[in-house]
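**Student:** What follows is a single structure, and I will ask about it in a moment.
Structure below.
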């Protein structure tokens with residue numbers, strides 16, 4: 016087993032503290048600091064690392080993205096023998112900052128992709144990143160430095176993806192940053208509607224705007240750091256919307272856009288990194304009472320049908336929900352038969 | 016109990032045939048026709064109605080939206096004593112067509128809002144609309160005509176919403192038509208990415224683009240009929256995207272847009288027509304094996320915690336999925352304790 020590097024974390028927010036807790040739990044020697052003494056005290060109290068004892072071998076910069084480039088540069092100067100990484104969700108500006116110090120051979124970018132539901136410093140936990148992708152951008156670093164940084168996702172049971180920093184930033188602009196902006200814009204357009212009219216919303220709108228409900232958090236920082244790629248993506252989206260808007264035949268233009276969109280959606284990985292499987296939906300009317308969902312899944316399990324995904328749609332003003340089980344097409348018939356046998360009210364299949 | 020009207024359905028696609036099956040099952044006298052003899056034969060064979068016997072009292076136009084205005088006008092002329100309704104998802108052009116005949120007092124617009132997962136004529140079933148909203152636009156019709164048409168959603172156990180036709184069209188442009196266009200545009204912007212880069216997609220992108228994966232279907236017709244409201248909504252969305260794009264401080268502009276979007280998202284009804292409840296997410300690592308989800312829900316049910324919603328996120332290249340149970344905040348602690356007691360691997364809460 017590889018000896019774990021003496022690790023120092025700069026920034027004791029949710030991410031830094033969670034990393035610290037996770038690494039300490041794996042037996043690593045971790046120290047953690049924050050310029051806010053209260054945040055630093057809390058992180059140490061939570062077991063996210065102690066006081067620094069000797070120079071670190073690995074430094075993880077976990078500050079807000081806005082200051083991450085300068086903190087990375089500082090860290091490269093401050094600890095001339097350490098490998099430095101960071102966790103910001105934009106990578107090229109960090110690599111630039113490292114290069115400006117002349118020590119980019121000791122800098123490796125990281126982007127652990129945590130679930131966005133989580134927020135708040137007190138919510139730190141060691142397995143925040145478990146089973147999530149962890150992007151590594153090697154930049155100018157050598158194999159040894161990269162290997163050192165890869166020990167982090169290995170210890171935290173993350174799924175490592177190595178990428179070029181610019182490719183990473185272009186990709187996250189399209190898969191994450193611009194979708195956030197678009198979802199917010201779709202939501203903001205509801206502003207002209209009366210309350211009763213908003214009530215016509217179906218599951219489609221709820222899906223499109225779900226991320227629009229999340230807190231602004233670090234989005235301002237991210238947009239500033241990834242401005243070029245974000246704007247290029249917004250340009251692409253605006254051009255497509257304009258094409259529908261300006262078309263002589265709005266129907267034809269929309270059909271064309273939908274066709275192009277469908278082609279791309281099919282490339283979004285679903286299960287196990289493969290292309291999205293074609294699952295068959297089976298929709299059941301489920302009374303909104305404890306245990307009903309369990310009873311539904313028990314019916315599926317009873318005939319050995321694996322439920323690949325579930326969507327629950329609550330009907331306005333009715334004490335029932337429509338629950339859709341997504342199953343392999345080859346098993347849908349069997350599931351339907353079992354549901355009918357056990358008295359379930361099937362809404363669509 | 017009210018006597019059910021002798022009903023004639025024009026158009027034997029998925030919607031018309033499903034309506035026919037549902038009404039016949041409720042004891043209604045239903046006839047159904049389609050200009051395609053094969054579709055007509057199939058609908059009758061499926062029990063969606065028989066041959067017309069005598070003049071109908073209620074006519075339901077269930078043709079594709081593109082021809083619905085002219086078929087409604089024809090129906091008003093052809094059966095001078097019948098109340099005529101239709102099921103198109105745009106309502107003002109239909110009311111215009113009815114008015115042009117001089118018989119708009121016998122026309123009532125309907126928009127049964129079926130789940131969009133369903134398609135294909137052979138998939139017809141009587142409870143396609145069950146527990147879904149059914150919009151009624153009275154237009155120039157009197158109370159008796161409206162009452163006659165309301166018998167349809169009553170028989171099919173739908174949730175009736177009465178609205179003005181123009182308000183309906185403006186609302187569906189914002190809650191349905193424009194979100195479809197925007198989701199497709201977000202998806203289309205992935206076109207510049209390499210396969211490996213698309214793999215960075217998380218649940219956020221999957222949610223935003225889910226409806227972009229659905230078949231173009233009637234979207235071209237809908238966009239043509241609701242062009243004015245659709246374009247007004249796209250203008251609103253484009254203006255917001257442009258504002259972020261052009262801003263001196265992209266971060267500030269995005270924060271502002273996110274704040275406006277969040278305010279609107281909070282107005283989208285969640286459960287039972289109320290504002291979205293603040294549920295607490297509890298994320299668990301679930302091995303991808305049959306019965307695991309059942310075991311998870313059994314743990315929740317074992318302590319009497321009702322699961323309000325479930326999201327399942329499959330991790331790229333790993334044989335586990337992250338499953339998030341959304342529960343009332345007051346029950347989250349109890350659920351967590353129960354999960355820990357029964358050995359579940361909790362990823363975030």
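Chains as they are written, first to last, in this note's numbering: chain E, 16 to 364; chain B, 16 to 364. Cβ coordinates follow ideal geometry from the N, Cα and C atoms, glycine included.
(1) What is the DSSP secondary structure of residue 362 of chain E, reduced to helix, strand or coil?
(2) Let me know the secondary structure DSSP gives residue 259 of chain E once reduced to three states.
(3) Between residue 385 of chain B and chain E, is any beta-carbon pair separated by less than 8 Å?
(4) Do residue 35 of chain E and residue 25 of chain E count as a contact pair if the criterion is CB distance below 8 Å?
(5) Any beta carbon from chain E within less than 8 Å of residue 83 of chain B's own beta carbon?
(6) Quick one: measure Cβ to Cβ for residue 153 of chain B and residue 120 of chain B, integer angstroms, because I've assumed they're closer than 8 Å.
(7) For the alpha helix (DSSP H) containing residue 159 of chain E, list its first residue and its last residue.
(8) Name the DSSP beta bridge partners of residue 341 of chain B, please?
(9) So, residue 109 of chain E versus residue 20 of chain E, is the Cβ gap smaller than 8 Å?
(10) Quick check: the segment 82-102 of chain B against the segment 243-260 of chain B, are there 3 or more CB pairs under 8 Å?
(11) With a threshold of 8 Å between beta carbons, is residue 199 of chain E in contact with chain B?
(12) Could you tell me the alpha carbon to alpha carbon distance between residue 310 of chain E and residue 128 of chain E, rounded to whole angstroms?
(13) Check whether the segment 170-177 of chain E and the segment 192-207 of chain E are in contact - that is, three or more C-beta pairs closer than 8 Å.
(14) Apart from the five residues just before and just after residue 193 of chain B, which ones in its own chain have a Cβ nearer than 7 Å to its Cβ?
(15) Any beta-carbon of chain E closer than 8 Å to the one on residue 135 of chain B?
(16) Taking buried to mean at least 16 other C-beta atoms within 10 Å of its own C-beta, is residue 52 of chain E buried or exposed?
(17) Counting only runs that start and end within the segment 61-100 of chain B, where is the alpha helix (DSSP H) found for 4 or more residues in a row?
(18) For residue 141 of chain B, which of helix, strand or coil comes out of DSSP?
(19) Hey, would you say residue 296 of chain E sits closer than 8 Å to residue 341 of chain E, going by beta carbons?
(20) Roughly how far, in whole angstroms, is the beta-carbon of residue 226 of chain E from the beta-carbon of residue 219 of chain B, given that I think they are within contact range, below 8 Å?
(21) Contact check, residue 47 of chain B vs residue 68 of chain B under 8 Å by CB: the rounded distance?
(22) What's the call for residue 261 of chain B, buried or exposed, on a 16-neighbour Cβ count within 10 Å?
(23) If you measure from the beta carbon of residue 358 of chain E to each beta carbon in chain B, is any gap under 8 Å?
(24) Flag residue 131 of chain E as yes if its beta-carbon sits less than 8 Å from any beta-carbon of chain B, otherwise no.
(25) Could you give the first and the last residue of the continuous beta strand (DSSP E) run that contains residue 407 of chain B?
(26) What are the boundary residues of the beta strand (DSSP E) that residue 23 of chain B is part of?
(27) Three Cβ pairs or more, each shorter than 8 Å: is that satisfied between the segment 201-221 of chain B and the segment 176-183 of chain B?
(28) Can you grab the Cα-Cα spacing for the pair residue 78 of chain B / residue 358 of chain B, in whole Å?
**Tutor:** With the given structure in hand:
(1) strand
(2) helix
(3) Coverage of chain B is limited to positions 16 through 364, which leaves residue 385 of chain B absent and any answer about it impossible.
(4) no
(5) no
(6) About 10 Å separates the two Cβ atoms, so there is no contact after all.
(7) 158-170
(8) B:296 and B:324
(9) no
(10) no
(11) yes
(12) 34 Å
(13) no
(14) 245, 248, 249 and 252
(15) Confidence is the limiting factor: at residue 135 of chain B the pLDDT is only 44, short of 50, which leaves the residue's position unreliable, though a coordinate-based value still follows. Judged by the 8 Å Cβ criterion, residue 135 of chain B is not in contact with chain E.
(16) exposed
(17) Note on the segment 61-100 of chain B: whole alpha helix (DSSP H) runs with a minimum of 4 residues are 83-93, in chain order.
(18) coil
(19) yes
(20) Going by Cβ atoms, the distance from residue 226 of chain E to residue 219 of chain B rounds to 4 Å, so yes, they are a contact pair.
(21) The pair is not a contact, with the Cβ atoms about 12 Å apart (cut-off 8 Å).
(22) exposed
(23) no
(24) Because residue 131 of chain E sits at a pLDDT of 46, beneath the cut-off of 50, its placement in the model cannot be relied upon, and the following sentence gives the value as read from the coordinates. Cβ-Cβ to chain B under 8 Å: yes for residue 131 of chain E.
(25) This structure cannot speak to residue 407 of chain B, because chain B is shown only from 16 to 364.
(26) Counted as a single uninterrupted DSSP element, the beta strand (DSSP E) harbouring residue 23 of chain B occupies residues 22-25.
(27) Flag = no, the segment 201-221 of chain B and the segment 176-183 of chain B do not touch.
(28) Pairing residue 78 of chain B with residue 358 of chain B, the inter-Cα distance amounts to about 55 Å.
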